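Student: Just dropping this structure here.
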Amino acid sequence: SELVTFLSAAGVLAYTGAVAYVVHRQNRRLAAARDALRRSEDRYRLIAENAGDLIAMIDHDGCWLYTSPSYERVMADADLAPGADAFRNVHPADAEAVRKAVMRSSLSAKPREIGMRLVDKEGRVRQYRTWVHGIPGEDKPPRLLLVSQDVTDLRESEERLLLAAQ
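Residue 51 in the numbering used here sits at position 47 of the sequence shown, with consecutive numbering throughout.
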């Protein structure tokens with residue numbers, strides 16, 4: 005009958021409208037979450053790219069995964085390529101100790117502070133204080149975050165003060 009046909013058509017329209025409304029709301033929430041994530045990523049990228057400290061991520065084998073643009077002041081582009089040895093520019097006298105300290109930190113998952121000397125792209129030896137943090141996640145072994153601060157001028161000032169005191 006016409007009444008059954010009308011009620012069936014109205015039911016189909018109501019059901020389709022309800023599904024469309026739910027899908028529309030979910031898409032709006034997803035778009036809002038994606039926009040918030042993009043803003044958050046942009047904010048943290050701005051901080052990482054404009055910080056004076058050297059910020060990097062390495063894998064368990066000691067290869068670069070990410071380096072902040074501040075590394076470009078210190079090392080050549082070829083030394084910073086993803087997959088390149090992150091310890092290539094560490095002073096030869098420090099290289100093995102630094103590599104072991106970083107790997108110990110990855111196994112213990114405890115943040116660790118280490119001192120190291122890097123040979124920059126101009127051949128100068130610079131001293132850095134580096135914090136090594138294991139990045140929690142499903143990666144086994146974990147990736148590591150390195151945050152290095154140039155302390156060369158501070159160390160040289162301390163040495164001059166010691167010499168003057170003596």
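Glycine residues also receive a C-beta, built at the ideal position from the N, C-alpha and C atoms.
In this text the structure is predicted, and so the values were computed from the model without any measurement.
1. Whole alpha helix (DSSP H) runs in the region 95–151 with 4 or more residues, listed along the chain?
2. Less than 8 Å between the CB atoms is what I'm expecting for residue 78 and residue 125, so what's the real figure, rounded?
3. Who are the near neighbours of residue 105 in its chain, counting only those whose CB is closer than 8 Å to its CB and skipping five residues on each side?
4. From residue 146 to residue 138, what distance separates their C-alpha atoms?
5. Would you mind working out which of 168, 148 and 92 sits nearest residue 60, comparing C-alpha positions?
6. Taking DSSP's pairing of strands, which residues face residue 81 in a bridge?
7. So residue 71 and residue 84 are in contact, right, with Cβ under 8 Å, and what is the actual spacing, rounded?
8. Considering Cα atoms alone, identify which of 40, 86 and 80 is closest to residue 93.
9. For residue 63 and residue 42, what's the separation of their Cα atoms in angstroms?
10. In the DSSP assignment, find the beta strand (DSSP E) that holds residue 169 and state where it starts and stops.
11. Could you check what DSSP says for residue 60 in three-state terms: helix, strand or coil?
Tutor: The answer reads as follows:
1. Segments of the alpha helix (DSSP H) lying fully in the region 95–151: 99–112.
2. Sure, about 7 Å apart at Cβ, within 8 Å.
3. Excluding sequence neighbours, residue 105 sits near 116, 118 and 136.
4. Roughly 6 Å separates the two Cα atoms.
5. Distance from the Cα of residue 60 is smallest, within the candidate group 168, 148 and 92, for 148.
6. None; residue 81 has no bridge partner.
7. The C-beta separation of residue 71 from residue 84 comes to about 5 Å, placing the pair in contact by the 8 Å criterion.
8. Per the Cα distances, 80.
9. When rounded, the distance between both Cα atoms is 25 Å.
10. Here residue 169 belongs to no beta strand (DSSP E); instead the alpha helix (DSSP H) covers 156–169.
11. Three-state DSSP puts residue 60 in a strand.
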